[in-house]
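Enquirer:
Protein chains: 2
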Amino acid sequence: MSKLPQSVDTIAFDADDTLWVNEVFFAEAEKEFIALMSPYMDEKKAHDLLFQQEMKNLSDLGFGIKAFTISMIETAMTIVGDHLSRDLLQKIIAIGKDMLHKPVELMPDIVEVLQALKNQYDLIVLTKGDLLDQERKLEKSGLVEYFDHFQVMSDKKVENYRGVFSNLGLVPSQILMIGNSMKSDVLPLLELGAHAIHIPFHTVWKYEHVEEDCEHQNFQRIKSAKELLDICMA
Amino acid sequence: MSKLPQSVDTIAFDADDTLWVNEVFFAEAEKEFIALMSPYMDEKKAHDLLFQQEMKNLSDLGFGIKAFTISMIETAMTIVGDHLSRDLLQKIIAIGKDMLHKPVELMPDIVEVLQALKNQYDLIVLTKGDLLDQERKLEKSGLVEYFDHFQVMSDKKVENYRGVFSNLGLVPSQILMIGNSMKSDVLPLLELGAHAIHIPFHTVWKYEHVEEDCEHQNFQRIKSAKELLDICMA
Chain A
1 MSKLPQSVDT
11 IAFDADDTLW
21 VNEVFFAEAE
31 KEFIALMSPY
41 MDEKKAHDLL
51 FQQEMKNLSD
61 LGFGIKAFTI
71 SMIETAMTIV
81 GDHLSRDLLQ
91 KIIAIGKDML
101 HKPVELMPDI
111 VEVLQALKNQ
121 YDLIVLTKGD
131 LLDQERKLEK
141 SGLVEYFDHF
151 QVMSDKKVEN
161 YRGVFSNLGL
171 VPSQILMIGN
181 SMKSDVLPLL
191 ELGAHAIHIP
201 FHTVWKYEHV
211 EEDCEHQNFQ
221 RIKSAKELLD
231 ICMA
Chain B
1001 MSKLPQSVDT
1011 IAFDADDTLW
1021 VNEVFFAEAE
1031 KEFIALMSPY
1041 MDEKKAHDLL
1051 FQQEMKNLSD
1061 LGFGIKAFTI
1071 SMIETAMTIV
1081 GDHLSRDLLQ
1091 KIIAIGKDML
1101 HKPVELMPDI
1111 VEVLQALKNQ
1121 YDLIVLTKGD
1131 LLDQERKLEK
1141 SGLVEYFDHF
1151 QVMSDKKVEN
1161 YRGVFSNLGL
1171 VPSQILMIGN
1181 SMKSDVLPLL
1191 ELGAHAIHIP
1201 FHTVWKYEHV
1211 EEDCEHQNFQ
1221 RIKSAKELLD
1231 ICMA
């Protein structure tokens, strides 16, 4: 574990599964959906079909619960065929809508960590997902006061980050990004010359899964947010 | 028509039906949907039900094509009942997805107007809708180069604008907002002390419809974007 260079003045946090629990709710929703499909198809196959449909829709619909809901409906159409009842359709849409009303459960020690970091850094949030849903989660989280900027991004590729940083007048070498996804929160940042810290979360969406080995002078992996204090505080 | 005060240094544009045509595509999509429902319900009633469903979903799903697609599906469930076939469902989802691939048709004289204004003002875009969809439309429009900032908002109420302006370090009295909706682009801005110009578009979503009479020293209504040159250019 090495100290952050003094040149870094901005810390960017991923939101889902970094500030608050998220993937657990998606995994639960998926499980409910698969259970609804169980009279028609075995679990593993239905699971694969749903993921395929999500990937097929990604370029059109992007990330978030609304896209996920439409993907569930289309997967059910494939699986159930012409016998998709109104009752079943209602249950599927309810799975999606219920996700929008889940409580926000903060990751351990987040408030304490943000409180400390705030004294020394500009803090921002960079997240994917539905705009309204993410704004609502930030509101519910009680974390608004810690952040100078909150940005929902349509994707988290190198060019998306480049756009955001240029918009905010930020220089990559002065930024540390913290998140649970190597693919979305770490690798694009390292490519841009920023710093990145990976805090793995026990549940990872298949889409975000990449080889986790990474050797880079600007990269560290830690177990929990609390370790940020040792790394980032003078 | 009166000259803009010299204190204004930032011009914010609404996007849909201000920079490019949008409501026409929604109206066409609605018409296609109503036609699909015509064996089951008369036009006027189906139209009303769809609008009711959209309003019911607004606080959960927000604005944009994905929310609209889910609302169409739920309306069809109400109208058709248990006999909603896969074929019909596929056609409804296709109406939504097709909207994402429409060409971007610029409003008259927009390029010329932006070109001129750019020399004297910071130009930004403030729009509602799906994040990814709006980013894609901006890209397709060829207008990216004219704008210093592009912001998709989850709603356009006073508090949403207040958040955006504070984030961008903008003072309302130095801002002119231009848009086609009194409700979303004009009234909240006047309330904040900003300036606003209304350019009506021939097709207005029922949700945006408010009494158009407005007497306010910071307000003007014009017929087309070209008139902006007389108002805004020194």
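Respectively, the protein sequence lines represent chains A and B. Residue 98 in my numbering sits at position 98 of the first sequence, and the numbers go up by one each step. Add 1000 to the 1-based position in the second sequence for my numbering, that's all there is to it. For each residue, glycine too, the CB sits at the ideal point set by N, CA and C.
1) Grab me the residues of Met1077 of chain B's own chain with a C-beta within less than 7 Å of its C-beta, minus the 5 sequence neighbours each way, in chain order.
2) Spatial neighbours of Leu1228 of chain B within its chain, please: CB distance less than 6 Å, with the 5 preceding and 5 following residues excluded, ordered by chain position.
3) Please look up how many angstroms separate the CB atoms of Ile1070 of chain B and Thr69 of chain A, rounded, as I've assumed it's under 8 Å.
4) Would Lys91 of chain A and Leu132 of chain A be called neighbours here (beta carbons separated by less than 8 Å)?
5) Buried or exposed: where does Glu105 of chain A fall if 16 or more other Cβ atoms within 10 Å of its Cβ makes it buried?
6) For the stretch 43–70 of chain A, enumerate the residues whose C-beta is nearer than 7 Å to any C-beta of chain B, in chain order.
7) Going by the beta-carbon positions, is the gap between Phe33 of chain A and Leu49 of chain A smaller than 8 Å?
8) In chain A, which residues lie less than 8 Å from Ile1077 of chain B when you measure between Cβ atoms?
9) Between which two residues does the beta strand (DSSP E) carrying Asp1122 of chain B extend?
10) What in chain A is Cβ-close to Leu1131 of chain B, meaning under 7 Å?
11) Using the three-state DSSP reduction, which class does Ala1196 of chain B fall into: helix, strand or coil?
12) Report the three-state DSSP secondary structure of Val1152 of chain B (helix, strand or coil).
13) Tell whether a beta-carbon distance below 8 Å holds between Asp1014 of chain B and Ile1222 of chain B.
14) Return the residue from the list B:Thr1203, B:Gln1134 and B:Lys1102 that minimises the CA-CA distance to Val1024 of chain B.
15) Less than 8 Å between CB atoms is the rule here; does Asn1022 of chain B satisfy it with respect to chain C?
16) Check whether chain B comes within 8 Å of Asp82 of chain A, counting only Cβ atoms and requiring the distance to be less than that.
17) Which of the three DSSP states is assigned to Leu176 of chain A in this structure?
18) Measure the CB-CB distance between Ala116 of chain A and Met233 of chain A and report whether it falls below 8 Å.
19) Could you tell me if the beta carbon of Glu191 of chain A falls within a distance shorter than 7 Å of some heavy atom in the ligand FAD?
20) Would Met1153 of chain B and Thr1127 of chain B be called neighbours here (beta carbons separated by less than 8 Å)?
21) Please list, in chain order, the residues of the stretch 1087–1121 of chain B that have any C-beta partner in chain A closer than 9 Å.
22) Indicate the three-state DSSP secondary structure (helix, strand or coil) for Ala12 of chain A in the structure shown.
23) By Cβ distance below 6 Å, which residues in the same chain neighbour Val1210 of chain B in space, the five residues on each side in sequence not counted?
24) Are the Cβ atoms of Ala1027 of chain B and Ile1079 of chain B separated by less than 8 Å?
25) Could you have a look at Phe1219 of chain B and say whether DSSP puts it in helix, strand or coil?
26) Report buried or exposed for Ser1002 of chain B, applying the criterion of at least 16 other Cβ atoms within 10 angstroms of its Cβ.
27) Among B:Met1041, B:Asn1022, B:Lys1102 and B:Val1125, which residue has its Cα nearest to the Cα of Thr1010 of chain B?
28) Any C-beta of chain A within less than 7 Å: which residues of the stretch 1153–1177 of chain B qualify?
29) What are the partner residues of Leu106 of chain A, as DSSP defines its beta bridges?
30) Mind pulling the chain B residues with CB within less than 7 Å of Glu135 of chain A?
31) Could you give the DSSP three-state label for Ser1038 of chain B: helix, strand or coil?
32) Specify the secondary structure class of Leu143 of chain A as computed by DSSP and reduced to three states.
33) What residues of chain B sit near Glu227 of chain A, judged by a beta carbon separation below 9 Å?
34) Could you give the first and the last residue of the continuous alpha helix (DSSP H) run that contains Tyr161 of chain A?
35) Would you kindly report the start and end of the unbroken alpha helix (DSSP H) that includes Leu1061 of chain B?
Expert: Here's the rundown:
1) Leu1084
2) Val1113
3) 6 Å
4) no
5) exposed
6) Asp60, Leu61, Gly62, Lys66, Ala67, Thr69 and Ile70
7) no
8) Sequence check: residue 1077 of chain B is Met here, not Ile. Per Cβ cutoff of 8 Å: Arg86, Leu89 and Gln90.
9) Asp1122 to Thr1127
10) Gly62, Leu131, Val152 and Ser154
11) strand
12) strand
13) no
14) B:Thr1203
15) This model lacks chain C altogether; the protein chains it does include are A and B.
16) yes
17) strand
18) yes
19) Absence of the ligand FAD is noted for the structure shown, with no ligands found whatsoever.
20) yes
21) Asp1087, Leu1089, Gln1090, Ile1093, Gly1096, Lys1097, Leu1100 and His1101
22) strand
23) Met1182 and Lys1183
24) no
25) strand
26) exposed
27) B:Val1125
28) Ser1154 and Asn1167
29) A:Trp20
30) Ser1154
31) coil
32) coil
33) Neighbours of Glu227 of chain A on chain B: none; closest Cβ ~30 Å, over 9 Å.
34) Val158 to Leu168
35) Glu1043 to Leu1061
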